[in-house]
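Quick note, the sequence shown lines up with residues 5 to 234 if you use this note's numbering.
Every residue, glycine too, gets a C-beta built ideally from N, C-alpha and C.
Accompanying notes for the structure given below.
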Amino acid sequence: MESKRQFSIILIKLFFIQYLSVLCAARNFDFFYFVLQWPGSYCDTAKSCCYPTTGKPAADFGIHGLWPNYNDGSYPSNCDPTAPFDQSQISDLRSSMQKNWPTLACPSGNGITFWSHEWEKHGTCSESVLNQHQYFQTALNLKNQINLLQALRTAGIVPDGSSYSLESIKDAIKEASGFSPWIECNVDESGNSQLYQIYLCVDTSASNFINCPVFPNGKKCGSQIEFPPF
Ligand code: 5GP
Ligand code: 5GP
Numbered sequence: 005m006e007s008k009r010q011f012s013i014i015l016i017k018l019f020f021i022q023y024l025s026v027l028c029a030a031r032n033f034d035f036f037y038f039v040l041q042w043p044g045s046y047c048d049t050a051k052s053c054c055y056p057t058t059g060k061p062a063a064d065f066g067i068h069g070l071w072p073n074y075n076d077g078s079y080p081s082n083c084d085p086t087a088p089f090d091q092s093q094i095s096d097l098r099s100s101m102q103k104n105w106p107t108l109a110c111p112s113g114n115g116i117t118f119w120s121h122e123w124e125k126h127g128t129c130s131e132s133v134l135n136q137h138q139y140f141q142t143a144l145n146l147k148n149q150i151n152l153l154q155a156l157r158t159a160g161i162v163p164d165g166s167s168y169s170l171e172s173i174k175d176a177i178k179e180a181s182g183f184s185p186w187i188e189c190n191v192d193e194s195g196n197s198q199l200y201q202i203y204l205c206v207d208t209s210a211s212n213f214i215n216c217p218v219f220p221n222g223k224k225c226g227s228q229i230e231f232p233p234f
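As structure tokens, then:
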């Protein structure tokens with residue numbers, strides 16, 4: 005009788021530990037920023053850029069990263085030194101990564117350095133939901149879900165070097181996706197504010213876009229911004 009009772013207590017304890025670990029895992033982060041960069045704006049700065057060794061990327065938004073974040077605006081980084089980037093785990097995604105997640109930093113690279121940085125800094129902080137293959141696959145899927153260039157084009161906003169109102173850019177993306185983005189600007193060689201990155205928010209399961217719980221602070225845009233060609 006006594007051993008039966010002790011067994012039940014152990015079972016209850018085990019159940020409780022399991023419950024706690026699920027709760028903790030769910031609290032690793034609150035949402036993701038899915039960040040896309042406009043290559044024209046990365047390249048026309050004073051610092052310039054280098055095309056990947058695989059050639060000039062398409063004139064489309066490219067993925068910068070999928071970043072776990074907290075609701076208070078802070079974020080975790082470099083969460084698991086025991087899980088270094090391993091390119092053999094994403095060999096099936098390589099051509100899609102080269103197309104949709106091209107690196108533009110100098111010197112020219114094949115993408116490995118950029119992807120490795122994104123995985124180690126950000127991806128390792130969402131391992132409770134996504135392993136390395138899932139992390140990259142998910143980002144590629146998210147990019148496929150919203151065609152940002154098309155959304156802007158529909159509203160008459162095209163990368164022709166002219167200026168557009170920040171509001172019209174946000175509205176066009178909201179119209180197409182249902183969600184308001186955060187727009188980050190940088191400056192071109194002449195100091196003009198231009199459309200650099202688009203942030204959308206994604207739930208912790210990494211499958212649905214959501215309204216952003218908080219917007220990043222930093223690099224704001226003017227009310228009129230350039231959309232340079234690439
Ligand atoms: P920057 O200084 O260019 O704004 O940001 C440098 C890097 O810090 C980004 O590329 C990204 O890795 C990280 N970072 C900046 N802001 C955020 C943020 O709000 N959330 C997360 N998760 N990472 C960020
Ligand atoms: P984050 O800003 O995400 O912390 O880091 C971006 C890092 O990746 C920087 O070290 C940057 O030099 C490198 N990187 C390589 N290719 C690219 C690219 O195409 N865009 C950006 N934003 N960073 C890149």
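**Prompt:** Is it true that the CB of residue 141 sits closer than 8 Å to the CB of residue 116?
**Reply:** Walking along the sequence shown from the start, residue 116 turns up at place 112. Walking along the sequence shown from the start, residue 141 turns up at place 137. No. Outside cutoff.
**Prompt:** Unbroken beta strand (DSSP E) runs of length 3 or more, entirely within the segment 143 to 228: which are they?
**Reply:** 167 to 169, 186 to 191 and 197 to 206
**From 32, 48, 35 and 39, residue whose alpha carbon lies closest to that of residue 195** = Start at 1 with the first residue of the sequence shown, and residue 195 comes out as number 191. Comparing Cα positions, the closest option is 48.
**Request:** Evaluate contact between the segment 57 to 77 and the segment 97 to 117, counting only Cβ atoms and requiring at least three cross-stretch pairs below 8 Å.
**Result:** yes
**Asked** What's the C-alpha gap between residue 100 and residue 66?
**Response** On the sequence shown, residue 100 is found 96 positions in, with the first residue counted as 1. On the sequence shown, residue 66 is found 62 positions in, with the first residue counted as 1. Cα to Cα, the separation comes out at about 11 Å.
**Nonlocal neighbours in the same chain, by C-beta distance under 6 Å from residue 159, ignoring five residues either side** = As a working note, residue 159 is residue 155 in the sequence shown. Excluding residues within five positions, the ones whose Cβ falls inside 6 Å are 176.
**Request:** Let me know if residue 110 comes out buried or exposed under the rule of 16 or more other beta-carbons within 10 Å of its beta-carbon.
**Result:** Indexing the sequence shown from 1 puts residue 110 at position 106. By the 10 Å Cβ count, residue 110 comes out exposed.
**Asked** Around the Cβ of residue 222, are there at least 16 other Cβ atoms within 10 angstroms (buried) or fewer (exposed)?
**Response** To locate residue 222, count along the sequence shown from 1; it is residue 218. Burial call: exposed.
**Message:** Taking the straight line between their C-alpha atoms, what separation do you get for residue 124 and residue 180?
**Reply:** Reading the sequence shown from its first residue, position 120 is the one you call residue 124. Reading the sequence shown from its first residue, position 176 is the one you call residue 180. For residue 124 and residue 180, the distance between alpha carbons rounds to 32 Å.
**Asked** Quick one: what does DSSP say residue 108 is sitting in, helix, strand or coil?
**Response** What you label residue 108 is simply residue 104 of the sequence shown in a count that begins at 1. In this structure, residue 108 counts as coil in the three-state DSSP scheme.
**Asked** Under 8 Å between the Cβ atoms of residue 44 and residue 185?
**Response** Looking up residue 44 in the sequence shown gives position 40. Looking up residue 185 in the sequence shown gives position 181. Not closer than 8 Å, so no.
**Asked** Can you tell which of 191, 143, 147 and 69 has the C-alpha that lies nearest to the C-alpha of residue 165?
**Response** Mapped onto the sequence shown, residue 165 falls at position 161. Nearest C-alpha to residue 165: 191.
**Request:** Kindly examine ligand 2 and report whether one of its heavy atoms sits closer than 7 Å to the Cβ of residue 109.
**Result:** Locating residue 109 in the sequence shown gives position 105, where the first residue counts as 1. Yes, since a heavy atom of ligand 2 falls inside the 7 Å radius drawn around the Cβ of residue 109.
**Prompt:** So residue 143 and residue 70 are in contact, right, with Cβ under 8 Å, and what is the actual spacing, rounded?
**Reply:** Residue 143 sits at position 139 when you count from the first residue of the sequence shown. Residue 70 sits at position 66 when you count from the first residue of the sequence shown. Right, the Cβ-Cβ distance comes to about 5 Å (below 8 Å), so this counts as a contact.
**Asked** Does DSSP put residue 37 in a helix, a strand or coil?
**Response** Counting from one through the sequence shown, the residue named residue 37 turns up at place 33. Three-state result, residue 37: strand.
**Request:** Measure the C-alpha to C-alpha separation of residue 53 and residue 218 and round it to an integer number of angstroms.
**Result:** Taking the first residue of the sequence shown as position 1, residue 53 is located at position 49. Taking the first residue of the sequence shown as position 1, residue 218 is located at position 214. If you take the alpha carbons of residue 53 and residue 218, they lie about 30 Å apart.
**Request:** Kindly list the residues whose CB is nearer than 7 Å to the CB of residue 120, restricted to its own chain and excluding five residues on each side of it in sequence; keep chain order.
**Result:** For this step, residue 120 is matched to residue 116 along the sequence shown. So the list reads 89, once near-sequence residues are dropped.
**Message:** Residues in the same chain with beta-carbon distance under 8 Å from residue 136, minus the five sequence neighbours each way, listed in chain order, please.
**Reply:** Position 132 of the sequence shown holds residue 136. Result list for residue 136: 87, 89, 90, 93, 94, 123 and 127, in chain order.
**Prompt:** First and last residue of the alpha helix (DSSP H) that includes residue 121?
**Reply:** Taking the first residue of the sequence shown as 1, we reach residue 121 at position 117. Here the alpha helix (DSSP H) through residue 121 covers 116 to 125.
**Asked** If you run the structure through DSSP and keep just helix, strand and coil, what is residue 113?
**Response** For the purposes of this step, residue 113 is taken as the residue at position 109 of the sequence shown. Residue 113 falls in the coil class under three-state DSSP.
**Prompt:** Should residue 230 be labelled buried (16 or more other beta-carbon atoms within 10 Å of its own) or exposed?
**Reply:** One-based indexing of the sequence shown puts residue 230 at position 226. Counting Cβ neighbours within 10 Å, residue 230 comes out buried, since at least 16 surround it.
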